[in-house]
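Numbering (our numbering), first residue to last: 7 to 391.
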């Protein structure tokens, strides 16, 4: 059994005050035999030394990442440091941090860090992964390699993200070591039974103009209905000039394996094809969708209420939500409304953490209820355990 509890601070300017706020919220909490802390925070908490000081102060290992927004039951915001503590007598926690990932060494780096963390332990029940957000290494490639190495064990996690377009402060960290191109892994060994929920697009926002991908290479969709991707988009009236770094017109992709369709952003369309946020194999069925303010709030509520219904029936010790950071951007100027809605729904029913994500790693279920690891964009993902 895992016990989960949280602490937070919004004090960016004074390290001593920030650390005191965190430690004061933890002082009456009982730590069991094995403990790990997971931090999600505004980038300045790394730059100004708050994370380093917390690592020296707290009596357990810390892993984490930078994010554009986070929350715990007691509060949330875009410039917050949120700490989630997992502690247990019978579940153990093992962590590792990789070497820097580049396009030419991605698979090797993941293989090495996986081998490092696997040295002295049996297979984990759950893998929690924190990866970098970069322009040249897709998060789905990190997840794909982890899925291969683990034999399909459930993987839940996120890509770091800051407020800069070049992500120069999108750190992941393990204790005092932080980097913008490394991967941090947490293995949970023991009796852990996670369940997963995802919602991307409100049903009314699915355009239902379906087509089939007839030529693709990983994340590059070359042909749709045997037409060059750019030509297909023009034919159906999609203005290609608006597709770069698209947020409001994602693709909804049915991979044909019995899992629910997943949402991918399109980052560019050229003569070569459409560059998407995840792998879209030949034969996948696609359609366009739209996201807007009401869709964001509605899908957050749907996902959380499904998870809470599960918890009411089956019990759980904690809940972690990882929604896409683009969802918060769609809400501008009311950028924190999804956080506020999430905290309103969850209340104090269960220990809760929310981490905005540069790319969501969350399993999906096929018709036989078998877990299949998936990389998502624009999606509200939840794990209960």
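C-beta: ideal position from N, C-alpha, C; glycine also.
Secondary structure, beta strand (DSSP E): runs of 3+ residues fully inside the segment 86-146: Counting whole runs of 3 or more residues, the segment 86-146 contains the beta strand (DSSP E) stretches 87-94, 98-103 and 132-137.
Checklist entry - Can you pull the DSSP bridge partners for residue 282? => result Within the DSSP bridge table, the entry for residue 282 names 272 as partners.
For residue 184, collect the residues of the same chain with a Cβ closer than 6 Å to its Cβ; drop the 5 residues on either side in sequence, then sort them by chain order.
Closer than 6 Å at the Cβ level, and outside the excluded window around residue 184, lie 52 and 177.
- Item | Cutoff 8 Å: residue 216 Cβ touching any chain C Cβ | The structure shown contains no chain C; it holds only a single protein chain.
Original post:
Does the Cβ-Cβ distance between residue 297 and residue 384 come in under 8 Å?
Top reply: A contact, by the Cβ cut-off of 8 Å.
Practice item. Note down the Cα distance separating residue 377 from residue 71, rounded to an integer number of angstroms. Key: Near 26 Å, if we compare the C-alpha coordinates of residue 71 and residue 377.
Under 8 Å by Cβ, that's how I've got residue 213 and residue 294 pegged, so tell me the actual separation to the nearest angstrom. Rounded to the nearest angstrom, the Cβ distance from residue 213 to residue 294 is 5 Å, consistent with a contact under 8 Å.
**Asked** Quick check: the segment 39-47 against the segment 139-147, are there 3 or more CB pairs under 8 Å?
**Response** With the cut-off at 8 Å, the segment 39-47 and the segment 139-147 do not touch.
Do you know how far the Cα of residue 244 is from the Cα of residue 250?
The pLDDT assigned to residue 250 is 46, lower than 50, so where the model puts this residue is not dependable; a value taken from the coordinates is nonetheless given after this. C-alpha of residue 250 to C-alpha of residue 244: approximately 12 Å in a straight line.
Item to complete: Please state whether DSSP places residue 333 in a helix, a strand or coil.
Response: The three-state reading of DSSP puts residue 333 in helix, counting H, G and I together.
> What span of residues does the alpha helix (DSSP H) with residue 56 cover, start to end?
Replying inline: Residues 56-63.
| query | Are the CB atoms of residue 327 and residue 388 nearer to each other than 8 Å? | reply | The Cβ atoms of residue 327 and residue 388 lie closer than 8 Å to each other.
For this session: Measure the CB-CB distance between residue 330 and residue 363 and report whether it falls below 8 Å.
Result: Contact flag set, yes.
Ordered along the chain, which non-local residues of its own chain (more than five positions away) have a Cβ less than 8 Å from that of residue 252? A caution first: residue 252 carries a pLDDT of 46, below 50, which makes its placement in the model unreliable, though a value can still be read off. Correct list, in chain order: 271, 272 and 273.
### Task
Using a threshold of 8 Å, state whether the C-beta atoms of residue 132 and residue 162 are closer than that.
Result yes, Cβ atoms of residue 132 and residue 162 sit closer than 8 Å.
Beta strand (DSSP E) segments (min. 3 residues) lying fully within the segment 167-207 = List check, beta strand (DSSP E) in window: 178-180, 183-185, 190-195 and 201-205.
| query | Taking the C-alpha atoms as reference points, what is the distance between residue 366 and residue 23? | reply | The C-alpha of residue 366 lies about 32 Å from the C-alpha of residue 23.
Q: For residue 313, count neighbouring C-beta atoms within 10 Å of its own C-beta (all shown protein chains included) and say buried if the count is 16 or more, exposed if not.
A: When all chains shown are included, residue 313 counts as buried.
_Judging by CA-CA distance, which residue of 65, 57 and 391 is the nearest neighbour of residue 317?_
Measuring C-alpha to C-alpha distances from residue 317 to each of 65, 57 and 391 identifies 391 as the nearest.
Next item on the list: Along the beta strand (DSSP E) that carries residue 229, what are the first and last residues, could you check?
Entry: Here the beta strand (DSSP E) through residue 229 covers 226-230.
query = Is the beta carbon of residue 135 less than 8 Å from the beta carbon of residue 119?
reply = In this structure, residue 135 keeps its C-beta atom at 8 Å or more from the C-beta atom of residue 119.
(request) Would you check if the distance between the CB atom of residue 205 and the CB atom of residue 123 is smaller than 8 Å? (result) Cβ atoms of residue 205 and residue 123: not closer than 8 Å.
*asked:* Out of 285, 232 and 112, which one is the CA nearest neighbour of residue 257?
replied: The residue from 285, 232 and 112 with its alpha-carbon nearest to that of residue 257 is 285.
Do residue 279 and residue 241 have their CB atoms nearer than 8 Å? The Cβ atoms of residue 279 and residue 241 lie no closer than 8 Å to each other.
- If you compare alpha carbons, which of 138, 170, 222 and 303 is closest to residue 207? For the residues 138, 170, 222 and 303, the minimum Cα distance to residue 207 belongs to 303.
Quiz item: Do you know whose CA, among 267, 182 and 169, lies nearest residue 216's CA?
Solution: For the set 267, 182 and 169, the Cα lying nearest the Cα of residue 216 is the one of 267.
* Apart from the five residues on each side of it in sequence, which residues of its chain come closer than 7 Å, Cβ to Cβ, to residue 63? -> Result list for residue 63: 25 and 29, in chain order.
- Taking the alpha-carbon positions, what's the residue 181 to residue 90 distance? One alpha carbon belongs to residue 181, the other to residue 90, and they sit about 14 Å apart.
- Use the C-beta contact count for residue 108: other C-beta atoms within 10 angstroms, 16 or more gives buried, fewer gives exposed. It counts as exposed.
| Using the C-alpha atoms, what's the distance from residue 288 back to residue 262? | Rounded to the nearest angstrom, the two C-alpha atoms are 10 Å apart.
| message | Give me, in chain order, the residues of the same chain whose beta-carbon lies closer than 8 Å to that of residue 265; leave out the 5 immediate sequence neighbours on both sides. | response | Same-chain partners within the cutoff: 370, 371, 372, 378 and 380.
Query raised in the report: When you compare only the Cα positions, how much space is there between residue 13 and residue 34?
Result: Their backbone Cα atoms lie some 12 Å apart in a straight line.
field: Cα-Cα separation between residue 106 and residue 151, rounded to whole angstroms
entry: Taking the straight line joining both Cα atoms gives about 16 Å.
DSSP-derived helix/strand/coil call for residue 291:
Three-state DSSP puts residue 291 in a strand.
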